[in-house]
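Following: one structure in structure tokens, then a few remarks.
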Amino acid sequence: MAALRFVRHQRTLKNMCGRYVIAKATADLADAAGADWAAETLWQPSYNIAPTTSVPVLVERAEADGELKRELHLAHWGLIPPWAKDTKVGARAFNARSETVTEKPTFKKPILSQRCALVADGYYEWEKDSAGNKTPHYVHPANSGAEGEGLIFFAGIYQWWKTPEGKWLLSASMLTMDSPSPEDPDPTLAKLARLHHRIPIALDPAQLDHWIQPQDLSTEEAQGLVASAAEHCFDIAKTWHVEPVGKAVGNVRNNSPELITPVR
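Those letters in the sequence shown? Residues 125 to 388, per our numbering, in order.
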């Protein structure tokens with residue numbers, strides 16, 4: 125680990141984002157992210173990514189000559205703190221609330237020096253009507269997908285955990301914030317608000333540069349960085365498409381391109 129020091133499957137209303145999509149294979153994903161693929165295992169497109177699975181995370185580390193290098197690694201989606209006895213805690217820590225990320229024992233150390241971005245072509249969220257019926261929606265940039273260059277970079281944090289066998293496991297969590305108002309004049313933001321009261325924090329290119337920079341921050345500096353990322357999130361979200369999709373995505377065993385096909 126020293127050589128690489130980066131300085132329930134079921135969705136509930138309490139937790140989001142709980143399912144997302146990476147439609148690009150290894151080479152296209154690395155190219156779109158502007159990074160080298162550093163994981164031992166290649167990435168196969170996945171259209172129904174759930175917590176506790178391995179997901180690509182974008183990190184930046186300093187080379188021996190001081191030059192910064194961006195890499196994609198695979199991490200367990202669900203942060204596992206060093207004091208955890210097993211990986212089960214990760215099933216409850218795949219999201220981190222931005223408002224308390226510098227305070228909670230699981231997250232307060234990683235946010236200071238171990239920040240990453242989780243990359244995605246899009247994510248799913250469910251809209252509940254007055255009768256209690258839930259309709260899944262696919263949220264994504266206009267130019268995302270297997271052939272597109274678009275990606276969402278979600279603000280994240282990572283942590284190394286030593287397994288009982290003595291191996292090191294990389295894990296990560298995605299930051300969320302309050303959704304916009306359902307009465308927002310922007311139709312996309314209003315729609316996102318109706319889907320869920322929380323939204324994952326997306327990073328624009330400038331915010332991404334600051335977020336993954338391998339430097340140690342004070343608590344106050346980390347709070348400022350989180351606030352700045354959250355401030356710019358809605359401007360990014362305005363550009364997204366929000367489209368209803370079939371209910372098959374509700375079963376994590378379903379995993380095919382048809383899951384992101386809009387239904388009317």
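Heads up, the beta-carbon is just placed ideally off N, CA and C, and yes, glycines get one too.
Is S303 closer than 8 Å to I276 when the C-beta atoms are compared? no
Hey, L313 and F278 are a contact pair by Cβ (cut 8 Å); roughly how many whole angstroms apart? That pair is no contact at about 17 Å.
When you compare only the Cα positions, how much space is there between I441 and S297? Here the chain has residues from 125 to 388 only, and residue 441 is not among them.
Buried versus exposed call for E307 [16 or more other C-beta atoms within 10 Å across all chains shown]: exposed
Smallest Cα separation from A154: which of K258, R185, L316 and E273? E273
Determine the closest residue to A270 out of A215, F218, R185 and A149, with distance taken between C-alpha atoms. A149
Quick check on DSSP: helix, strand or coil for W335? helix
May I have the straight-line CA-CA distance separating V369 from L166, to the nearest angstrom? 28 Å
When DSSP labels each residue in this structure, what does D160 get in the three-state scheme? Three-state DSSP puts D160 in a strand.
Span of the beta strand (DSSP E) around E367: H365 to P368
Return the residue from the list A208, I173 and R143 that minimises the CA-CA distance to W292. A208
Rank T177, R185 and G158 by C-alpha distance to the C-alpha of D340 and give the top, closest one. R185
Reducing DSSP to helix, strand and coil, say where T211 ends up. helix
Coil, strand or helix - K252 by DSSP: Three-state result, K252: strand.
Can we say the segment 247-261 touches the segment 219-233, given the rule of at least three CB pairs closer than 8 Å? no
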